[in-house]
Amino acid sequence: MRKILFTLMLTFATGAFVVSCNGDDDTPGSSSTCSDGVQNGNETGVDCGGSCNPCTANSELTGDVTENTTLDATIEYQLTGAYVVKSGSTLTIPAGTVIKAVGGTAAYIAVERGAQIFVNGTSASPVVMTSGAANPAPGDWGGLVICGDAPTNKGSNVTSEVADLTYGGTNATDNSGSVRYLRVEYTGATFSNDKEFNGVSLFGVGSGTTFEFVQSHNGGDDGIEFFGGTVAGENLVSTNSGDDSIDFADGWAGTGENWYIAGGAKAGIEGSNNGDDGDATPVTTTTLSNITVVGPVTEGALFFKEGGGNFTITNFYTSNVDLGINVKDTDAQAAVRIENGDLTITDIQFANAPTGLDATNYTGTNQTFFTEGIATGAGNGAASPAWAAGWTVGLDNSGPASSENLAGEVNGTVTLSATVEYNLTSAFVVKDGGSLTIPAGTTIKATGGTAAYIAVARGGQIFVNGTAASPVVMTSGAASPNPGDWGGLVICGDAPTNKGNNVTSEVADLIYGGTNATDNSGSIRYLRVEYTGATFSNDKEFNGVSLFGVGSGTTFEFVQSLKGGDDGIEFFGGTVTGNNLVSIGSGDDSIDFADGWAGNGSNWYISKGAKAGIEGSNNGDDGDAMPVTTTTLSNITVVGPVTEGALFFKEGGGNFTITNFFTSNVDLGVNVKDTDAQAAVRLEANNLSINPMQFDSPATPFNQTNYTGVNQTFITVGDNTGAGNGAAAPDWANGWAIGF
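This is how it looks when you write it as structure tokens:
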């Protein structure tokens, strides 16, 4: 599976991972103490970030959660062992998080009695817990186990059959958290012939817990099982379970509504009281409504067993089942309850019934405990319910496959899905007249070097609709990502450049440049591109993002290039403005502009680049080419070391006005080659003005500039905050940008 090799502002006290950086201990005005176990001063995590060592993220989940902890949806986690939320602690999993498990019975997620879990998925971005195997199969890992303090007829302080946790008590309203829009896949790891994990197991979970919009898919044992407790289960899906689809027992006193079941090996629903004593109290008591069971089944649409219980079921739709209600003739306690009217099913429909259907195999006197009628079941009969659209898999209205290849051309209007992990295998080009929309939380993984890139032709548009909480991520698909793994993002527009009109881009071979200064190539917000810079030749490489003649009608903001092999972000002419940009770890210049760029920039954070922080030039072939590069930049941070200056004013430079320019650990502020006559002319004409520029913690030896001309006043030195926090990560980068 993918390893995520990036640094993020997170921390985790147990060493598994973290995002428990809520700042509760960050007292204003206090100083950082980097080893006290408290987030204080300017730390961004516990004892890390700010003036301490950088916070690092570990994608591996294992061990105990002993403090309130939040995962990060931008990280694909690897579950390598038991990951247990201990009593008194909480685990929060945001929308779009993916957890991949390895290790069979050793790998599961469990919530102790007294702990809480908050799975905050959405219909567009569910939380997914799945197998990390190259070829996933049922039984690859354990599943999710939640233990509560609500009553069961197994007693109090009972040990769960999997995970060996204590559950059960007297608190019917116990709250184990909230689980919404969760999908678990390929669970059911086997301890023994009669002991296997389910997809989700709820032991004595109380009614204060929310449990809804949950799917178990391709599990090796039961899909979802309630072991006593009082929690309600709504909008549940169980598909392709290796045993029963949804199971409840041990005095469960919750209710259920909107259950869709298909492809299970045994019973659609198995409802029982107690396997050791069918009369144990409290007796399983439930009201179920809007149920669909799609067969075939081998043990009935409903298996009323081990004393059954007190069930009231309405709107029960079955399709292709040969047995409706299964009651063993040896189950005396179940028979007593049926004769007492404790099992009532109203409007059960047997659609598409095979030859030889038995509505029930119960042979007792009371044959009126069920009433046949027309039912809609979970919403659409045998068809997938509308409420399952998008976040499920395996249904006819599920979201697209969890992984899809991406290549070819976009000539019409195309919208990707955040529920799909895309594999960019070749060039993916938005043609003239085409439109590509990428929603928040979408991940695209590229393989193939120079063959793999995303490009927007002149006349095409791209809409990257990321958010601070759910950026769009374009990254490497390699197991061990490195700079230069793939191309990057290329956008071509119709705005002026001093290379002329109808020029061919140096990468992707697309035409760009024209006379429309307000040309609109779309909108890009909250995008992160990683491990770009695939090399064509010694002097021709992809950047992270390349903008060729892009016009001012285009929105370009909150964009990061991380660990690119060449420049991070580069403007080739055009008039587009770039705000809130981050470039970290570029193999060449961090942010580059040239060829008559006439846009502006504000809030740029740059660090760990190999050469210049900012390279600003006019034209590499003619330093006096028109239109001249002209820009106003403000709120800039460059953190060194740099080898070609915080600013490299070159190839004629241009007309630059820069305010609030903060540098740290640089040995050269402004680099101007002594052979660049056109740049010198512009300096002497006061066409470069920087006020104020701060040199914080300069490297040794240090030169403010290597320009030797008469005008030495183009720089005014003064304190400032740069991109927001000087050398530290700016606040506007929180959440979506990484690697500081």
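Our numbering applies: residue 103 is where the sequence shown begins, and numbers increase by one.
We treat Cβ as the ideally placed atom computed from N, Cα and C, and that holds for glycine.
Cut-off 6 Å between Cβ atoms - residues of its own chain near residue i, not counting five sequence neighbours on either side
i, result
"GLY715", "SER692, ILE708, VAL740, VAL744, ALA748"
"LYS105", "With a pLDDT of 29 at LYS105, under the threshold of 50, the modelled position of this residue cannot be trusted; read the value that follows with caution. So the list is empty, once near-sequence residues are dropped."
"GLU314", "ARG282, GLU336, ASN337"
"ASP498", "SER486"
"VAL429", "PHE406, ALA436, TYR464"
"ALA453", "SER421"
"THR677", "ALA597, ALA619, GLY653, SER654, ALA700, GLY701"
"GLU99", "Summary: the structure shown does not reach residue 99, with the chain confined to residues 103 through 842, and so no result is reported for it."
"VAL574", "ILE540, THR544, VAL566, GLY568, LEU629"
Burial state of residue i (16 or more Cβ within 10 Å)
i, result
"GLY290", "buried"
"VAL671", "Residue 671 is actually Ile in this sequence, not Val. So ILE671 ends up on the buried side."
"LYS713", "buried"
"VAL812", "exposed"
"GLY722", "exposed"
"ASN705", "buried"
"ASP821", "exposed"
"ALA830", "buried"
"ALA236", "exposed"
"LYS665", "buried"
"THR810", "exposed"
"SER233", "buried"
"GLY510", "exposed"
Per DSSP, cross-strand counterpart(s) of residue i
i, result
"ASP498", "BP columns for ASP498 are empty, so no partner."
"ARG560", "None; ARG560 has no bridge partner."
"GLU632", "LEU664"
"LEU790", "PHE758"
"THR312", "SER280"
"GLU672", "SER648, ASP694"
"THR192", "GLN218"
"GLN796", "PHE764"
"GLU287", "HIS319"
Close Cβ partners of residue i (< 7 Å) along its chain, the five nearest in sequence each way excluded
i, result
"GLY344", "PRO240, GLY290, GLY321, GLY322, ASP323, ALA367"
"TYR210", "ALA184, TRP243, GLY244, GLY245, VAL247, ALA265, PHE299"
"THR815", "none"
"TYR614", "ARG560, CYS594, GLY595, VAL605, SER607, PHE650, GLY651"
"THR467", "GLU441"
"GLY550", "THR527, SER528, TRP588"
For residue i, three-class secondary structure by DSSP
i, result
"ILE817", "strand"
"VAL783", "helix"
"ALA437", "helix"
"PRO130", "Confidence at PRO130 is low in this model, with a pLDDT of 35, below 50, so its placement is unreliable and no value can be given for it."
"ASP833", "helix"
"TRP489", "helix"
"PRO541", "strand"
"ASN170", "coil"
"ASP431", "coil"
"ASN482", "strand"
"ASN808", "coil"
"ILE177", "coil"
"CYS249", "strand"
"THR386", "coil"
"MET728", "coil"
"VAL339", "strand"
"ARG215", "coil"
"LEU459", "coil"
"TYR464", "coil"
"TRP706", "strand"
"GLY426", "strand"
"GLN469", "coil"
"LYS533", "coil"
Cβ shell of residue i (< 8 Å), same chain only, five flanking positions each side left out
i, result
"ASP449", "THR416, ASN417, PHE418, THR473, GLU474, GLY475, ILE476, ALA477"
"PRO130", "The predicted model places PRO130 with a pLDDT of 35, which falls under 50 and marks its position as unreliable; any figure quoted below should be read in that light. Excluding positions up to five away in sequence, the list is empty."
"ASP444", "GLY410, GLY411, ASN412, PHE413"
"THR733", "PHE695, TRP699, ALA700, GLY701, ASN702, GLY703, GLY718, GLY756, ASN757, PHE758, THR759"
"VAL385", "ASN255, GLY353, ASN375, GLY409, GLY411, ASN412"
| message | Below 8 Å, how does it come out for the segment 634-647 and the segment 767-778: are there three or more Cβ pairs, yes or no? | response | no
| request: Decide if the segment 264-276 is in contact with the segment 299-315; the criterion is three or more beta carbon pairs, one per stretch, under 8 Å apart. | output: yes
| Okay, do the segment 415-433 and the segment 394-407 touch, 3+ Cβ pairs below 8 Å being the bar? | yes
| task | Check whether the segment 182-201 touches the segment 166-174, counting contact only when three or more Cβ pairs, one atom from each stretch, lie closer than 8 Å. | result | yes
| said: Under 8 Å: do the segment 549-567 and the segment 624-632 share three or more Cβ pairs, one atom per stretch? | reply: yes
| Touching or not, the segment 516-524 and the segment 595-615, by the rule of three or more beta carbon pairs under 8 Å? | no
| Does the segment 258-266 touch the segment 193-205, meaning 3 or more C-beta pairs lie closer than 8 Å? | no
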